[in-house]
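Below: the structure, in structure tokens.
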Amino acid sequence: MRKVNKLANQRGMSDQVSVMVKYLRQEVQGCVAAGVVDMATGMLLSFETTETHPAEVMDLLAGATLDLFQGRTVTMIEDVFKERRGISSTEHYFQEILVNSSNLTHLFIRNNHHADVVAVVVCPKSVNIGMLFASARRVVREHGSF
-1 MRKVNKLANQ RGMSDQVSVM VKYLRQEVQG CVAAGVVDMA TGMLLSFETT
49 ETHPAEVMDL LAGATLDLFQ GRTVTMIEDV FKERRGISST EHYFQEILVN
99 SSNLTHLFIR NNHHADVVAV VVCPKSVNIG MLFASARRVV REHGSF
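Heads up: the sequence shown begins at -1 in the numbering used here, then just goes up one per residue.
As structure tokens, this is what we get:
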């Protein structure tokens, strides 16, 4: 019985992750791709995009997200900030990261309910940054409690 409940919980989480990705694509104006990365496993849990990408690129997205939030140098910076501010929490310091490439804007948002889950939203570089943050935060807040 316990094994069945665990499987149902995993399926429920998988469905909720997929729903969050769908809402990110629908609610974030101009969104060309969205995904969710589990940093505990380094896996891309779900994604939707307007274009096809090689599987290697999608696998690299999960690794790049892990490096952005929990790479060795990043965790060292977090530790220094915590030490200097007298914070003893194990909570991660960096919660959101915005990256601009030559023609795209990538927003990475750590889930408030599950610190090892990061939502990724990709939009054209012409996106209104304030609206991008507001809509993506709302979707993650409303659909990230799985």
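Positions of the beta carbon are idealized from the N, C-alpha and C atoms, including for glycine.
Three-state class that DSSP yields for residue i in the structure shown
i, result
"Phe92", "coil"
"Ala113", "coil"
"Thr103", "strand"
"Gly69", "coil"
"Val78", "helix"
"Val26", "coil"
"Ala38", "coil"
Extent of the continuous beta strand (DSSP E) to which residue i belongs
i, result
"Met41", "41 to 47"
Length of the line joining the Cα atoms of residue i and residue j
i, j, result
"Glu49", "Met56", "12 angstroms"
"His51", "Arg82", "42 angstroms"
"Ala62", "Val97", "12 angstroms"
"Val78", "Asp114", "21 angstroms"
"Leu42", "Leu59", "8 angstroms"
"Gly128", "Asn101", "18 angstroms"
"His90", "Lys20", "26 angstroms"
Buried or exposed (CB count within 10 angstroms, at least 16 for buried), residue i
i, result
"Asp36", "buried"
First through last residue of the alpha helix (DSSP H) which encompasses residue i
i, result
"Ala134", "127 to 141"
Close Cβ partners of residue i (< 6 angstroms) along its chain, the five nearest in sequence each way excluded
i, result
"Phe45", "Gly33"
"Ser124", "none"
"Ala117", "Val34, Ile107, Val138"
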